[in-house]
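Beneath this line is the structure, given in structure tokens, with notes to follow.
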Amino acid sequence: MTTPELQTARLILKPLASEDATQIQRIFPRWEIVRYLVTSVPWPYPDNAAQNYVDNVALAATRAGKGWFWTLRRKENADELMGVICLMDTPDNNRGFWLAPEWQGQGYMTEACHAVTDFWFNALGRDVLRAPKAVANDRSKRLSQRSGMRLVRLQKGEYVSGELETELWEISREKWNQLHH
-11 MTTPELQTAR LILKPLASED ATQIQRIFPR WEIVRYLVTS VPWPYPDNAA
39 QNYVDNVALA ATRAGKGWFW TLRRKENADE LMGVICLMDT PDNNRGFWLA
89 PEWQGQGYMT EACHAVTDFW FNALGRDVLR APKAVANDRS KRLSQRSGMR
139 LVRLQKGEYV SGELETELWE ISREKWNQLH H
């Protein structure tokens, strides 16, 4: 299934496109964004890294039917990219996201996660969504708790900031629809 545009009360989740790399390259390379991301994110972030990621990782996964990637944009300024959220057909790692620090703490990622999680379960028909996160990443952990996810296990994880304790969170389609529909 192709990646559709999704909308929330305040956001347009626009399918990621090659031309988005320019804005990503400008706003993404900040320690507060990358520190809890996987070690495959190069750091320091090279000049061409966003274009490489968009074209050769994200859009390649989309073409293969293994990933769905969106940019987050406020409805009142749809030209400005705020962050990225994705769903991935990868064991124990189905959803990932980042949001520029100036937009954090305003509920935008909660809205985006709700929209893409609903897409995962009710458009793609998946049974379970799992998301790993660094124990130290309190905001991401709270988002999982508020959406009804449960902690499955603790493990080690490799992040840009090093090896960290990691929690694996999950929610079933049945639980999601019970809580959110």
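When you line the sequence shown up against our numbering, it's residues -11 to 169, in that order. Where a beta carbon is used, it is the ideal one built from N, C-alpha and C, also for glycine.
Are at least three pairs of beta-carbons, each pair with one atom in the region 7 to 15 and one in the region 38 to 47, less than 8 Å apart? A contact exists between the region 7 to 15 and the region 38 to 47.
Between the Cα of Met76 and the Cα atoms of Asp106, Ala49, Leu60, Lys144, which residue gives the shortest distance? Ala49
As a quick exercise: from Tyr147, Gly53, Val148, pick the residue whose alpha carbon is nearest that of Met(-11). Gly53
Can Lys63 and Ile0 be called in contact, C-beta distance under 8 Å? yes
If you drop the 5 nearest sequence neighbours on each side, which residues of the same chain put their C-beta closer than 7 Å to that of Lys2? Glu(-7), Trp58, Thr59, Arg61
What distance in whole Å lies between the Cβ atoms of Leu117 and Asn82, which are believed to be in contact at a cut-off of 8 Å? 5 Å
Taking the CB atoms as reference points, tell me whether Trp157 and Thr105 lie closer together than 8 Å. no
In or out: Glu155 buried (at least 16 other Cβ within 10 Å) or exposed? buried
Taking DSSP's pairing of strands, which residues face Tyr62 in a bridge? This sequence places Arg at residue 62; Tyr is not what is there. DSSP lists Leu(-1) as partners of Arg62.
Less than 8 Å separating the beta-carbons of Val42 and Ile12? yes
What are the boundary residues of the alpha helix (DSSP H) that Thr105 is part of? 96 to 110
Whole angstroms is fine: what's the gap from Pro34's alpha carbon to Ser128's? 26 Å
Strictly by DSSP, which residues pair up with Met70? Met70 pairs with nothing; no bridge assigned.
Starting from Glu162, follow its DSSP beta bridges and name the residues at the other end. DSSP output for Glu162 lists no bridge partner at all.
Helix, strand or coil for Trp31, going by three-state DSSP, please let me know. coil
Quick test of your reading: Leu47 and Val148, contact by CB under 8 Å. State the CB separation rounded to the nearest angstrom. No, Leu47 and Val148 are not in contact; Cβ-Cβ is about 22 Å, not under 8 Å.
What would DSSP say about Ala122, mapped onto helix, strand or coil? strand
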